């Protein structure tokens, strides 16, 4: 399995920044970039006004991003990836925990992508099987899984995304009945 240095570094950075407040996080990231010689990186604070307004602005990563820009940056290839990208965009832009069919449709439409309303149940079911969404989250509620978040965060590098450890699916175990027990049951019935 290929080791993804960026994903590994990002995980460590996020763990270190997790205990800080928003403004402290931005200052810490800026300081680290200055120490590394990267210079000033424009980071949008809550006091800045981007002029974009509305719910379709993404403030993660230091700038505002529309749904279309987010999709263009992530370059999802499959319907499952598109649904997960829409859910991840909502998580990052409006701090949504779950997304309904209409909310995903809205983001997908804002991104100028086709949304197949008739086959949504099939597509979201397939995305759940792939591990992008948690199972058992309700009929009209899709919750992006940890794997789904990491997968979308790794995009547009599809190789790195595929290299992520996939969640293990639990399977219902069937009891194996030995031939002797089956024969005994048949004998008792006679």
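Residue numbers (the working numbering): 128 to 317.
A virtual CB, placed ideally from N, CA and C, is assigned to each residue, including glycine.
Nothing here was measured: the structure is a model prediction, and the numbers come from that model.
Can you name, in chain order, every residue of its own chain whose Cβ lies under 7 Å from the Cβ of residue i, other than the five neighbours on each side?
i: residue 151; result: none
i: residue 216; result: 185, 194, 197 and 234
i: residue 270; result: 224, 225, 260, 261 and 264
i: residue 178; result: Bear in mind that a pLDDT of 38 at residue 178, under 50, signals an unreliable position, so the number given afterwards is only what the model happens to contain. Same-chain partners within the cutoff: there are none.
If we call anything under 8 Å between Cβ atoms a contact, is residue i one with residue j?
i: residue 193; j: residue 209; result: no
i: residue 212; j: residue 195; result: no
i: residue 134; j: residue 281; result: yes
i: residue 147; j: residue 155; result: yes
Quick one: what's got a C-beta closer than 8 Å to residue i's C-beta in the same chain, skipping five residues either side?
i: residue 204; result: 285
i: residue 272; result: 258, 259, 260, 261 and 294
i: residue 276; result: 215 and 218
i: residue 283; result: 200, 201 and 202
Distance, Cα to Cα, residue i vs residue j?
i: residue 198; j: residue 162; result: 32 Å
i: residue 226; j: residue 267; result: 8 Å
i: residue 250; j: residue 241; result: 13 Å
i: residue 279; j: residue 288; result: 7 Å
i: residue 232; j: residue 243; result: 9 Å
i: residue 247; j: residue 239; result: 17 Å
i: residue 222; j: residue 230; result: 13 Å
i: residue 142; j: residue 149; result: 14 Å
i: residue 191; j: residue 237; result: 15 Å
i: residue 138; j: residue 256; result: 25 Å
i: residue 292; j: residue 245; result: 32 Å
Between the Cα of residue i and the Cα atoms of the options, which residue gives the shortest distance?
i: residue 159; options: 145, 140, 148 and 253; result: 140
i: residue 228; options: 282, 277, 222 and 252; result: 252
i: residue 126; options: 206, 146, 230 and 238; result: The requested residue 126 is not part of the displayed model; the chain covers only 128 to 317.
Taking only three categories from DSSP, how would you classify residue i?
i: residue 144; result: helix
i: residue 238; result: coil
i: residue 259; result: coil
i: residue 172; result: Below a pLDDT of 50, predicted positions are generally treated as unreliable, and residue 172, at 42, falls in that range; the measurement from the model is reported next regardless. If DSSP states are grouped into helix, strand and coil, residue 172 belongs with coil.
i: residue 271; result: strand
i: residue 138; result: helix
i: residue 149; result: helix
i: residue 177; result: Note that residue 177 has pLDDT 39, beneath the 50 cutoff, so the model's placement of it is unreliable and the number below is only indicative. Coil.
i: residue 244; result: coil
i: residue 226; result: strand
i: residue 375; result: With the chain represented from 128 up to 317, any question about residue 375 goes unanswered, as that position is not in the structure.
i: residue 277; result: helix
i: residue 292; result: coil
i: residue 195; result: helix
Which same chain residues, not among the five before or five after residue i, have their C-beta less than 6 Å away from its C-beta?
i: residue 274; result: 258 and 294
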